[in-house]
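Okay, so here's the structure we're looking at.
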Amino acid sequence: MAHLIDGKKWSSVSRAETAVEVRRLLDKDLMPKLVVVLVGDNPASLVYVRGKEKAAAEVGIDSRIDRLPATTSAQELLAHIEQLNQDDSVHGILVQLPLPDHIDEQTVIATISPEKDVDGFHAHNVGALAIGLPGFVPCTPLGVMKLLEYENMDMTGKHAVVIGRSNIVGKPLSQLLLKANATVTVCHSRTKDMASITRQADLLAVAIGKPEFVTGDMVKPGAVVIDVGINRIEGKLVGDVDFASVEPVASAITPVPKGVGPMTIAMLLHNTVLAAAGFEALRS
Ligand code: GUN
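Once you know that position 28 of the sequence shown is 51 in the numbering used here, the rest is easy, because the numbers rise by one and skip nothing.
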């Protein structure tokens with residue numbers, strides 16, 4: 024029986040830590056504020072941004088959702104972001120992805136002020152992570168590292184295998200694991216004989232977006248398995264890991280739901296407080 028890594032529990036611990044920081048800033052007359060920009064009416068995105076708003080309120084962060092119609096032009100969206108950049112009462116800006124097809128994501132991300140980029144997607148923050156400078160780290164990989172920290176899992180000298188090379192998860196997670204002194208291998212859709220690599224992993228982190236892709240025969244006995252996938256199949260949420268066959272082989276595993284997911288929102292709140300604290304440091 025693998026140990027279940029309880030993302031819901033650890034996310035409450037992290038949010039309580041963030042709430043303490045919020046109170047410290049409030050004592051200095053600074054109310055941390057997050058603005059989430061949602062273009063169009065993708066139902067899944069709407070559920071996500073409402074979840075972010077609710078979680079922000081619970082730790083005392085002021086937040087707002089700016090909803091723009093699907094017909095918004097790229098120019099209009101960029102102008103909206105510029106306004107938020109200029110607004111000193113706004114510390115964190117998050118533009119919910121995906122955007123409508125007619126808007127180029129990278130142009131939008133590049134327009135967000137790096138000091139307010141609580142997603143950590145701006146090239147400035149991506150570069151900072153790559154060379155070990157302070158900056159915003161994307162919330163999902165940061166949440167994975169926080170889970171490992173809370174669970175006292177030291178990565179030094181461990182072989183960490185990451186499946187997936189996205190800008191949001193796979194690439195930043197591999198950088199963070201490297202920083203934590205793991206030996207890191209990144210696998211992806213073109214990797215040959217993936218199972219021979221994943222079977223060497225002490226830590227296997229999966230973010231490939233394919234339901235139940237990793238099966239028990241791909242996992243080394245005693246490995247720690249982190250499932251970053253969220254897939255909806257016939258109304259049921261499943262991860263990128265086939266829990267039924269992997270759980271008996273692993274020593275610890277994150278479930279889906281209530282694994283990595285709750286940590287992502289907790290890290291967004293953490294990043295928002297960091298953004299506000301950064302503003303506070305500049306102000307004083
Ligand atoms: N859509 C799905 N995940 C994310 C995320 O982490 N940030 C943003 N901005 N949009 C997303």
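Positions of the beta carbon are idealized from the N, C-alpha and C atoms, including for glycine.
What does a CB cutoff of less than 8 Å around residue 78 pick up in its chain, not counting 5 residues either side in sequence? 38, 288, 289, 291, 292
Pick helix, strand or coil for residue 252, following the three-state DSSP scheme. Here residue 252 sits in coil by DSSP.
Under the three-state reduction of DSSP, which class applies to residue 238: helix, strand or coil? coil
C-beta atoms of residue 183 and residue 149 nearer than 8 Å: For residue 183 and residue 149, no; Cβs fall outside 8 Å.
Just how far apart, CA to CA, sit residue 295 and residue 55? Roughly 7 Å separates the two Cα atoms.
CB-CB under 6 Å to residue 7, same chain, minus the five flanking residues each way: which ones, in chain order? Nothing can be reported for residue 7, as the shown portion of the chain is limited to 24 through 307.
Under 7 Å: does the beta carbon of residue 256 sit that close to some heavy atom of the ligand GUN? no
Regarding residue 117 and the ligand GUN, is the C-beta to nearest heavy atom distance less than 7 Å? yes
Can you tell me whether residue 213 is helix, strand or coil according to DSSP? coil
Looking only at its chain, what residues have a beta carbon closer than 7 Å to the beta carbon of residue 138, apart from the 5 residues adjacent to it on each side? Shown here for residue 138: same chain residues with a beta carbon closer than 7 Å to its own, the five before and five after excluded, namely 298, 301 in chain order.
Going by beta-carbon coordinates alone, are residue 327 and residue 59 separated by less than 8 Å? No information on residue 327 is available, as it lies outside the stretch 24 to 307 that the chain covers here.
Give me the residue from 169, 145, 261 with the minimum Cα distance to residue 235. 261
Residues of its chain near residue 218, where Cβ-Cβ distance is below 6 Å and the 5 sequence neighbours each way are ignored: Answer for residue 218: 241, listed in chain order.
Identify which residue in 136, 100, 81 has its Cα closest to the Cα of residue 111. 136
Does the ligand GUN have a heavy atom nearer than 7 Å to the CB of residue 120? yes
Taking 7 Å as the cut-off, is the C-beta of residue 295 nearer than that to any heavy atom in the ligand GUN? Checking the Cβ of residue 295 against the ligand GUN gives no.
From the DSSP output, in three-state form, read off residue 376 for me. Since the displayed the chain opens at 24 and closes at 307, residue 376 lies outside it and no answer follows.
Please confirm whether residue 120 and residue 86 have their CB atoms less than 8 Å apart. no
Backbone CA spacing between residue 269 and residue 113 [nearest angstrom]: The straight-line gap from Cα to Cα measures roughly 44 Å.
Out of 232, 204, 233, 237, state which residue places its alpha-carbon closest to the alpha-carbon of residue 220. Nearest to residue 220 by alpha-carbon distance, out of 232, 204, 233, 237, is 237.
Taking contact to mean at least 3 C-beta pairs separated by less than 8 Å, is the stretch 63 to 72 in contact with the stretch 28 to 36? no
Residues near residue 223 by beta carbon distance below 6 Å, same chain, minus five either side: 182
Compute the minimum distance between the beta carbon of residue 162 and the heavy atoms of the ligand GUN, and state whether it is under 7 Å. yes
Below 8 Å between beta carbons: does that hold for residue 232 and residue 263? yes
Note the first and the last residue of the continuous alpha helix (DSSP H) segment covering residue 38. 30 to 50
Can you name the residues that DSSP bridges to residue 88? Answer is 59, bridged to residue 88.
Keeping to the same chain, check which residues put their C-beta closer than 7 Å to that of residue 274; ignore five residues upstream and five downstream. 25, 26, 245, 246, 247
Suppose contacts are defined by Cβ-Cβ distances below 8 Å. Is residue 126 in contact with residue 97 by that definition? yes
Compare the C-alpha of residue 69 against each of 180, 53, 81, 93 and name the closest. 93
What separation, rounded to the nearest whole angstrom, lies between the Cα atoms of residue 308 and residue 279? Since the first and last residues shown for the chain are 24 and 307, residue 308 lies out of range.
For residue 303, which residues from the same chain have a beta carbon less than 8 Å from its beta carbon, with the 5 sequence-adjacent residues on both sides left out? 48, 51, 53
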